[in-house]
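Here the structure comes first, spelled out in structure tokens, and everything after it is commentary.
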Amino acid sequence: MSWCFAGLFAPSQVKKPRSYGKTQSDGSGSPSWVTLPLPVSQKVLKLWFPISSCQQGTRLVLFCHCGSFDLLSLEHSGCTRRDLLSFCEEKLAELTVKEETKISLVVDLLHVSLQQLNSHWWKILAPRVLDMVEDRFPQLDELIFVRANRLSSLAAERVIVSTRLRASVLSGDEIAAEAALQSRGLGFVSDCFFRDPSISAVEFAQKRREQLRRVRRWRRWITGLLVAILVLLLGQILGVLPVRGADFDWAGLWQVVRDWEMLHHVVVSLLPQLLLLGFLLWRPKGEADTAQMLVLLIGSPLAWASAYAGNAPAPLAAAAPALVTALLGLAVIPWKEPKATATDAARRKGAWWPELVHGAYGEPRFAVPEESVTRMIPPIEGDGRRLLTRLLEFSSACAQVPPGRKQKVGDMLIQRIVSQENRAVWSASVGSDPVMFVASEVIISTSEPLEAVLWAIYSAEERMQWDGAAFAAYKVLGQQVQASSESLCDFLYCRVPLVPGVKDRDMVQERFLLKLPSNAGYAIAIQSCSPGQCSALRLDPVPSVVRARTILSGYILRPNPGGGVVLTGVSQTDLGGYVPQWVQGLVKKAGKRMPVQWAQRLEDYCNSKASAGTR
255 MSWCFAGLFA PSQVKKPRSY GKTQSDGSGS PSWVTLPLPV SQKVLKLWFP ISSCQQGTRL
315 VLFCHCGSFD LLSLEHSGCT RRDLLSFCEE KLAELTVKEE TKISLVVDLL HVSLQQLNSH
375 WWKILAPRVL DMVEDRFPQL DELIFVRANR LSSLAAERVI VSTRLRASVL SGDEIAAEAA
435 LQSRGLGFVS DCFFRDPSIS AVEFAQKRRE QLRRVRRWRR WITGLLVAIL VLLLGQILGV
495 LPVRGADFDW AGLWQVVRDW EMLHHVVVSL LPQLLLLGFL LWRPKGEADT AQMLVLLIGS
555 PLAWASAYAG NAPAPLAAAA PALVTALLGL AVIPWKEPKA TATDAARRKG AWWPELVHGA
615 YGEPRFAVPE ESVTRMIPPI EGDGRRLLTR LLEFSSACAQ VPPGRKQKVG DMLIQRIVSQ
675 ENRAVWSASV GSDPVMFVAS EVIISTSEPL EAVLWAIYSA EERMQWDGAA FAAYKVLGQQ
735 VQASSESLCD FLYCRVPLVP GVKDRDMVQE RFLLKLPSNA GYAIAIQSCS PGQCSALRLD
795 PVPSVVRART ILSGYILRPN PGGGVVLTGV SQTDLGGYVP QWVQGLVKKA GKRMPVQWAQ
855 RLEDYCNSKA SAGTR
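Each number in the numbering used here corresponds to the 1-based position in the sequence shown with 254 added.
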């Protein structure tokens, strides 16, 4: 189990004398610097000097994101190199590492500027910090510079000239850096390493979201309790007036309020009900609150009437009916109301797919632990409901075209290019859009339920087991909920190799998991991210790969009345860049057979899982 922490530069608890081990001077500042406080807080220094670490077992990796080193702020703050060296020394002293732990130092050179490389911070501070780390951790035996360009490679080589460590300087993009880390047995740190350099911004966003959730929860609870108190008071008054034989009018109500003995009975009868109501409302969830309040409203006049009649002590007479009505409410309304309601009734014991549930906003989600956020996740820009509507429109239009025919449906010119038993493929153009789309409909003949087939497509790990040959890279980034469309959203990065001699294509996509109308099944809707989202995800285009654009892609899954799952797929993708004519011909031919072959691999995979589960 890997774990990550950014506490390397947490505020220090004990003030230690400043020293530098090998040297006591770095040629800057006044001789009395030891007695001077830092000109800025350590929290601010953490923002300017982003360091993080990740550990798994006996492997510890220290990261330095040099591209976000805030040179300008440091220069204007009045901080000296001595300040930073002392700061680093104090924090390194707080980090406890076992003797058997092997340590690697990874330095990310992405976005490092020429100004940074020419500054005294890089030429003097960086070697001093490296010496300090070597002295503090004898277990440190590897230094890796990644994502270096020509200039930063030269600067890195100057730094490692005097080090005893095994050092390497690697160029390339994020994928090349991940491959290099994996080859050194450090694959577990890929996500932690490629988090957004603004580490504190990620942590602040997480804390802020948690604070807002708590505020909303308490606001909902207090609002429900106040409404319930008003409802109970109304019930008490409605119970008082019939016992007194008074008509309901404002004069009678005022008489009730002025009768202190009566108010005493009202308060006594309210107390047990308020306690029960508070206990019930501790976990408010939608319609259940209204039902519980109505049950207590019915019990309120009974409780008051029993107490007012004087046949029993007022507290006992008031508590007994309230308790009975509350217990009746619990019998009618299920007590256990989880955060997400299960929808997967066919899931067998020991199933290979997780339970499919509905979240707090009605979004479908698989009951798996959420991965920690390892990079700054931008907001979703697409509308899941609108994308689903377009998928359903394409699917419905294609179904109207008979085998072997080309037909115009609305603004779409559709041709059915494959007609087989339980399998069909269409190609179509939309208006004047030069990018064609391909749609398919296949019956997946499997004994596994729809949720299992959905999981085989949705899960990156499962997808790579049966469809991994189609991708050079496939990653899921982040997760969030779009309440307006009741969908679970995340980001996908995939890289697809084409034929030899043609550059690979990569895509950065928004993905939505949605319910179909009338709960008739589920859908996955996909579209490309905007350039701004790609930049926020640190996935800008690179020269070695052509960025393709997914206009619309997705899958619709419905249960088949005769058994199995009806799977509809839609894809409209602009490959981008220059595509030779002969490659376009290959792509056109592949469009006829690939959807069917893809569905067959999915079916075989689900059936193999079913066979393994019955052994």
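Note that CB positions come from ideal geometry on N, CA and C, so glycine has one too. All of these numbers come straight from a predicted model, not from anything done at the bench.
Whole angstroms is fine: what's the gap from residue i's alpha carbon to residue j's?
{"i": "Leu793", "j": "Val762", "result": "8 Å"}
{"i": "Pro608", "j": "Leu408", "result": "49 Å"}
{"i": "Tyr220", "j": "Glu348", "result": "The chain is shown from 255 up to 869; residue 220 falls before or after that span and cannot be answered."}
{"i": "Asp828", "j": "Asp760", "result": "11 Å"}
{"i": "Leu704", "j": "Ser422", "result": "49 Å"}
{"i": "Pro688", "j": "Pro834", "result": "16 Å"}
{"i": "Gln736", "j": "Pro633", "result": "10 Å"}
{"i": "Ile698", "j": "Glu432", "result": "36 Å"}
{"i": "Lys345", "j": "Leu645", "result": "54 Å"}
{"i": "Ser358", "j": "Ile414", "result": "14 Å"}
{"i": "Asp721", "j": "Asn861", "result": "15 Å"}
{"i": "Ser673", "j": "Gln719", "result": "28 Å"}
{"i": "Gly685", "j": "Val800", "result": "26 Å"}
{"i": "Arg717", "j": "Asp858", "result": "13 Å"}
{"i": "Gln734", "j": "Lys769", "result": "16 Å"}
{"i": "Phe766", "j": "Gly831", "result": "27 Å"}
{"i": "Phe725", "j": "Ser683", "result": "26 Å"}
{"i": "Ala779", "j": "Leu791", "result": "20 Å"}
{"i": "His374", "j": "Cys342", "result": "17 Å"}
{"i": "Ala566", "j": "Arg473", "result": "Per-residue confidence for Ala566 stands at a pLDDT of 49, beneath the threshold of 50, marking its modelled position as unreliable; no derived number is given."}
{"i": "Phe745", "j": "Gln369", "result": "34 Å"}
{"i": "Arg412", "j": "Leu338", "result": "21 Å"}
{"i": "Val820", "j": "Asn814", "result": "6 Å"}
{"i": "Val707", "j": "Glu396", "result": "44 Å"}
{"i": "Gly439", "j": "Trp376", "result": "29 Å"}
{"i": "Gly441", "j": "Cys308", "result": "11 Å"}
{"i": "Gly817", "j": "Lys863", "result": "17 Å"}
{"i": "Ile631", "j": "Glu675", "result": "44 Å"}
{"i": "Tyr747", "j": "Ala727", "result": "7 Å"}
What's the call for residue i, buried or exposed, on a 16-neighbour Cβ count within 10 Å?
{"i": "Glu428", "result": "buried"}
{"i": "Ile398", "result": "buried"}
{"i": "Gly311", "result": "exposed"}
{"i": "Gln826", "result": "buried"}
{"i": "Ala621", "result": "exposed"}
{"i": "Ser739", "result": "buried"}
{"i": "Ile476", "result": "exposed"}
{"i": "Lys276", "result": "Its pLDDT being 42, under 50, Lys276 is placed unreliably in this model, and the value from its coordinates should be taken loosely. Exposed, since its Cβ has fewer than 16 Cβ neighbours within 10 Å."}
Using alpha carbons as the reference points, say which of the options lies closest to residue i.
{"i": "Thr350", "options": "Arg390, Phe341, Gln369 and Trp472", "result": "Arg390"}
{"i": "Gln787", "options": "Glu764, Glu675, Ile711 and Trp852", "result": "Glu764"}
{"i": "Leu371", "options": "Phe620, Leu384 and Cys320", "result": "Cys320"}
{"i": "Phe648", "options": "Tyr832, Val692 and Ile778", "result": "Val692"}
{"i": "Pro795", "options": "Cys783, Asp337 and Leu339", "result": "Cys783"}
{"i": "Leu874", "options": "Ile810, Ser340 and Glu354", "result": "The structure shown has nothing for residue 874, since the chain only spans 255 to 869."}
{"i": "Leu756", "options": "Ser738, Pro797, Trp472 and Ala723", "result": "It is Val, not Leu, that sits at residue 756 in the sequence shown. For the residues Ser738, Pro797, Trp472 and Ala723, the minimum Cα distance to Val756 belongs to Pro797."}
{"i": "Val730", "options": "Ser739, Ser713 and Ala723", "result": "Ser713"}
{"i": "Ser865", "options": "Ala605, Leu384, Val315 and Gly426", "result": "Ala605"}
{"i": "Val387", "options": "Leu419, Ala410, Phe620 and Ser772", "result": "Leu419"}
{"i": "Ile305", "options": "Leu806, Leu338 and Leu316", "result": "Leu316"}
{"i": "Ala723", "options": "Thr822, Trp680, Arg855 and Glu740", "result": "Arg855"}
{"i": "Pro623", "options": "Gly732, Arg438, Ile476 and Thr804", "result": "Gly732"}
{"i": "Arg313", "options": "Lys352, Cys333, Arg336 and Thr334", "result": "Lys352"}
{"i": "Val383", "options": "Glu354, Thr355, Arg336 and Gly426", "result": "Arg336"}
{"i": "Thr822", "options": "Glu715, Trp680, Thr804 and Tyr747", "result": "Trp680"}
{"i": "Pro785", "options": "Lys662, Thr804 and Asp758", "result": "Thr804"}
For the ligand SAH, any of its heavy atoms closer than 8 Å to the Cβ of residue i?
{"i": "Ala421", "result": "The ligand SAH is not part of this structure, which contains no ligands at all."}
Can you round the beta-carbon distance between residue i and residue j to whole angstroms, since I take them to be within the 8 Å contact cut?
{"i": "Leu424", "j": "Glu617", "result": "Not really, about 40 Å apart at Cβ, beyond 8 Å."}
{"i": "Ala710", "j": "Ser694", "result": "Wrong, their Cβ atoms sit about 16 Å apart, outside the cutoff."}
{"i": "Tyr874", "j": "Ala777", "result": "Examination of residue 874 is not possible in this model, given that the chain is present from 255 through 869 alone."}
{"i": "Gly664", "j": "Ala651", "result": "6 Å"}
{"i": "Pro381", "j": "Ser416", "result": "7 Å"}
{"i": "Gly636", "j": "Gln781", "result": "5 Å"}
{"i": "Leu806", "j": "Val824", "result": "7 Å"}
{"i": "Thr870", "j": "Gln393", "result": "No answer is possible for residue 870: the residues shown for the chain start at 255 and end at 869."}
{"i": "Ala802", "j": "Val696", "result": "The pair is not a contact, with the Cβ atoms about 24 Å apart (cut-off 8 Å)."}
Review point. Any contact of the region 666-679 with the region 634-643, i.e. 3+ C-beta pairs under 8 Å?
Key: no
Exercise for review: Examine the Cβ distances between the region 394-405 and the region 358-368 and report whether three or more of them are shorter than 8 Å.
Suggested key: yes
Exercise for review: Could you say if the region 739-755 and the region 847-855 meet the contact criterion of at least three C-beta pairs nearer than 8 Å?
Suggested key: no
**Study point:** Contact between the region 648-664 and the region 700-718 (3+ Cβ pairs under 8 Å)
**Key:** no
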